[in-house]
Ligand SMILES: [Zn+2]
Ligand SMILES: [Zn+2]
């Protein structure tokens, strides 16, 4: 078979990374976005690949880290005293009060993950220049795995919410740091949406340098379809049709998250002391805010803190149960649920960011004091566990029992793309 296969024409097929459908790529034009006709996963990103543009954006982001992290983004006038807040100062206060896990989580999502992604893009360029395989592989691994943890946008919304919460107590002044943060957010969004690990691997070694006559597996790391082998010919990642233990891991994270969601909602997540009065807020504090006439804010917090985590757990549990009971219909809907769960994941960090901002600003002893409650720690676990659950799930399981009625030629849906 092999000798015949080698003489056959090179295959123009690629396998979808979302559902393993073999797709004919002959008609896909360069510079167009292409999507899988069955599951809707993006196969190719549109626009002309300009890797040097990514490098310029990554360097800009690095420069913006200085103003956004070391200048005040907000200061308040409280009892005639100006109190500034920088991004690390809230984290330091959390750390000082013994909430190490919360401090680590906040600093990771607001600073370390964006910083690592920017540095990884730069080191990927260095690796391409020097043709260093391992550096390229690890850099792209960081970009691929940490980009979901870049949460500067969530942080900015949290700054706005903190302003609304504080406006009753003090005057609020916006500092240089906030402009730095907004610019940093714009450039990181641009960077994350442009960086495609496939293009870096293509720049390292083009797919056309391997002429396979048949392809039966897709590498999820460098996105090259190839004949079955223990490891990928290009990036040396072990190949498998389904990620090992993906279902078990997702279940484990989900069960842990569903346990943690009870203390997260029932124990206070923050305690505000005003004039000796103790105001304990559980996540249901949106109730108390809506009484003060801030219904919009209450709605945002309700959605981010209660609807999003519950929806993630229920959505993933439904997908897993459908796989277990081999449900034969609505595969496409389950795939949509999976995309939504992945996308909404980070927004539940909002409450924790608000806590860290409030910690930086309101820590004035007996008159007005703000401390997190243990509910916030449980809530932090819910956020991390649900994000890990979504990440460890392999969407190809959804399509295991899909009966393909129409075995016509699979051609990707194309879309004109205007990015880049
Ligand atoms: Zn697909
Ligand atoms: Zn590979």
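Residue numbers (the numbering used here): 733 to 1152. Yeah, the Cβ is synthetic: ideal placement off N, Cα and C, and Gly gets one too. All figures in this text were calculated on a predicted structure; none of them were measured in a lab.
| Query | Result |
| --- | --- |
| Using alpha carbons as the reference points, say which of 1054, 1072 and 1119 lies closest to residue 1134. | 1054 |
| Out of 776, 968, 912 and 1032, point me to the one whose CA is closest to residue 931's CA. | 776 |
| Beta-carbon within less than 7 Å of residue 871's beta-carbon, same chain only, minus the 5 sequence neighbours each way: which residues are those? | 852, 855, 856 and 859 |
| Start and end of the beta strand (DSSP E) containing residue 774? | 774-776 |
| Can you confirm whether the region 915-933 touches the region 827-835 when touching is taken to mean that 3 or more C-beta pairs between the two stretches lie within less than 8 Å? | no |
| So, is residue 1044 buried or exposed, given that buried needs 16 or more other C-beta atoms within 10 angstroms? | buried |
| Taking the straight line between their C-alpha atoms, what separation do you get for residue 787 and residue 1012? | 47 Å |
| Less than 6 Å between C-beta atoms, sequence neighbours within five positions excluded: which residues of the same chain meet that for residue 837? | 1112 |
| Report all residues from its chain with a CB closer than 7 Å to the CB of residue 742; omit the five preceding and five following residues, and keep chain order. | 943, 944 and 945 |
| I'd like the span of the alpha helix (DSSP H) that includes residue 1002, first residue to last. | From DSSP, residue 1002 is part of no alpha helix (DSSP H) but of the beta strand (DSSP E) over 1002-1006. |
| Residues in its own chain within less than 8 Å of residue 983 by CB, not counting five upstream and five downstream? | 1052 |
| Looking at ligand 1, does it come within less than 8 Å of residue 777, judged from the CB to the closest heavy atom? | no |
| How would the residue list near ligand 1 read, in chain order, if you kept each one whose beta-carbon is closer than 5 Å to any heavy atom? | 748, 750, 751, 753, 768, 770, 771 and 773 |
| Under three-state DSSP, which class holds residue 1012? | strand |
| So, does the CB of residue 845 fall closer than 9 Å to a CB anywhere in chain C? | In the displayed structure, chain C is absent; only one protein chain is listed. |
| Helix, strand or coil: which one does DSSP assign to residue 999? | coil |
| Taking 8 Å as the threshold, find out whether the region 960-970 comes into contact with the region 1073-1088 through three or more Cβ pairs. | no |
| Checking 9 Å against the spacing of the C-beta atoms, do residue 1165 and residue 1086 come in under that value? | Outside the displayed span of the chain (733 to 1152) sits residue 1165, for which this structure offers no information. |
| Whole angstroms are fine: how far does the CA of residue 754 sit from the CA of residue 948? | 8 Å |
| Hey, could you find the ends of the beta strand (DSSP E) residue 810 is sitting in? | 806-810 |
| Using the rule of at least 16 other Cβ atoms within 10 Å of the residue's Cβ for burial, across every protein chain shown, is residue 1121 buried or exposed? | buried |
| Is DSSP giving residue 1134 helix, strand or coil here? | coil |
| Determine the direct distance from the alpha carbon of residue 846 to that of residue 940, and round the result to whole angstroms. | 33 Å |
| Check whether the Cβ of residue 933 sits closer than 8 Å to any heavy atom of ligand 2, and report yes or no. | yes |
| According to DSSP, is residue 760 helix, strand or coil? | coil |
| Along the chain, which unbroken stretches of the alpha helix (DSSP H) at least 4 residues long are found entirely within the region 1069-1097? | 1082-1093 |
| If you reduce the DSSP assignment to three classes, tell me which class residue 1018 lands in. | Because the pLDDT of residue 1018 is 49, which lies under 50, any placement of that residue in the model is unreliable, and the number read from its coordinates should be weighed accordingly. In this structure, residue 1018 counts as helix in the three-state DSSP scheme. |
| To the nearest angstrom, report how far apart residue 770 and residue 1128 are at their CA atoms. | 12 Å |
| Considering only heavy atoms of ligand 4 and the C-beta of each residue, which residues fall inside 6 Å, strictly closer? | Within the structure as shown, ligand 4 is missing, the only ligands being ligand 1 and ligand 2. |
| Output the distance between the C-alpha atoms of residue 990 and residue 758, rounded to the nearest integer angstrom. | 46 Å |
| For residue 1107, which option in 1056, 828, 1002 and 1041 has the closest C-alpha, if you only look at C-alpha atoms? | 1002 |
| So which of 789, 785, 772 and 766 has the shortest CA-CA distance to residue 778? | 766 |
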